[in-house]
Amino acid sequence: MSFRSGFVTLLGRPNVGKSTLLNSLVGRKISITSRKPQTTRHRILGIVNRETSQIVFVDTPGVHRGRGNAVDKLINRTARSSLEGVNVVVMLIQAQGWHQDDTRVLRLVEQGSQPVVLAINKVDMLKRKESLLPLIEESSDRYAFADIVPISARDGHNLDTLLDLIVSRLPEAPACFPVEQFTDRSVQFMASELVREQLFRRLGEELPYATAVRVERYEERPYGVHIETQVWVDRESQKAIVIGKGGARLKTIGTQARLAIEKSVGRPVNLKIWVKVRSGWADNQAALSSLGYDEEG
Ligand SMILES: Nc1nc2c(ncn2[C@@H]2O[C@H](COP(=O)(O)OP(=O)(O)OP(=O)(O)O)[C@@H](O)[C@H]2O)c(=O)[nH]1
Ligand SMILES: [Mg+2]
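In the working numbering, the protein residues as written are 617 to 913.
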């Protein structure tokens, strides 16, 4: 039996469900998700092992117009560079239909030579399934997609079909990663992301974008893992909001993040979070590299 393996980039505008899809496919939480656009800021690998194939998915930050600061530019560049050297691109749109920002993504994937599979996500939200057929027709008019598959990343609908279609387009090659590995990211990175996920889920509309998380210490101790993190904000007033009245909000953020990290590492976790004002971090190259924003490839 021949073995197939290769790299598959997930691309789409913010919030279409790329990270949810990655997590569902791998069957573990690897990439953080939230209702807010631009949750993912880094390129993250998620590895799916099947009997006769290994698929390495690349989750990317949503392609967006951005506010023009250094971190936004880096995020878009990360999405773009994730197309290089991959075997298949999965472009995601939502079942509600094509959006102006989807065409921006399409222009990007058109530049590559890989087959592009279109995944129409969130079909669970459709009241009338009949609207799918015209959407599939419209989509195939827009581009010569290799395949078009309606899916629900959240419910798992059609994900096996999606995997089969992808594998059929991968080259015959041995696995790139050992079967027990499911991501390329370190436990420290996962910890900082799971804290950031809570910031995205528990802060208002604008504030999450002004925050970043840095792990200062990560130590295995006899009872479990000891983690110290810093949450960076832009201004003193933002620090007060993150902390909340009597520290209530930070306490919730800390508890929820700790539970998620415990689930991820499978051990008890002691998590400390400090909130620091670091004005202009999103535009400061040194700050960005200390947050891991410049690691490419
Ligand atoms: N109903 C429904 N919701 C979904 C589905 N897939 C994702 N979502 C929701 O859509 C929102 C965005 O999901 P993400 O996976 O964070 O989206 P993303 O494309 O990674 O977003 P960015 O990282 O910001 O680019 C979350 O609230 C998800 O729960 C789906 O199949 N059905
Ligand atoms: Mg994401």
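All C-beta atoms, glycine included, are put in the ideal place defined by N, C-alpha and C.
> If we count Cβ pairs, one from each stretch, closer than 8 Å, do we get three or more for the stretch 729–741 versus the stretch 751–770?
Replying inline: yes
> With respect to the alpha helix (DSSP H) encompassing residue 868, which residues constitute its N-terminal and C-terminal limits?
Replying inline: 864–881
>> Just to confirm, is the Cβ distance from residue 619 to residue 641 under 8 Å?
In response: no
>> Cutting at 8 Å between CB atoms, please list the residues of its own chain near residue 895, excluding the five before and the five after it.
In response: 850, 851
> Going by DSSP, what residues sit across from residue 844 in a beta bridge?
Replying inline: 833, 888
> Within this structure, are the beta carbons of residue 817 and residue 650 separated by less than 8 Å?
Replying inline: yes
> Is DSSP giving residue 705 helix, strand or coil here?
Replying inline: strand
>> If the criterion is Cβ atoms closer than 8 Å, does the pair residue 751 and residue 767 meet it?
In response: no
>> My output table needs one value for residue 766: the three-state DSSP class, helix, strand or coil.
In response: strand
> Among residues of its own chain, excluding the 5 on either side of residue 775, which ones have a beta-carbon nearer than 7 Å to its beta-carbon?
Replying inline: 640, 641, 767
>> Classify residue 913: buried if its beta carbon has 16 or more other beta carbons within 10 angstroms, exposed otherwise.
In response: For residue 913, the pLDDT reaches just 36, beneath the cut-off of 50, and the residue's location in the model is therefore unreliable, although a value from the coordinates is still provided. It counts as exposed.
> Can you name the residues that DSSP bridges to residue 623?
Replying inline: 672
> Roughly how many angstroms separate the alpha carbons of residue 668 and residue 638, rounded to a whole number?
Replying inline: 20 Å
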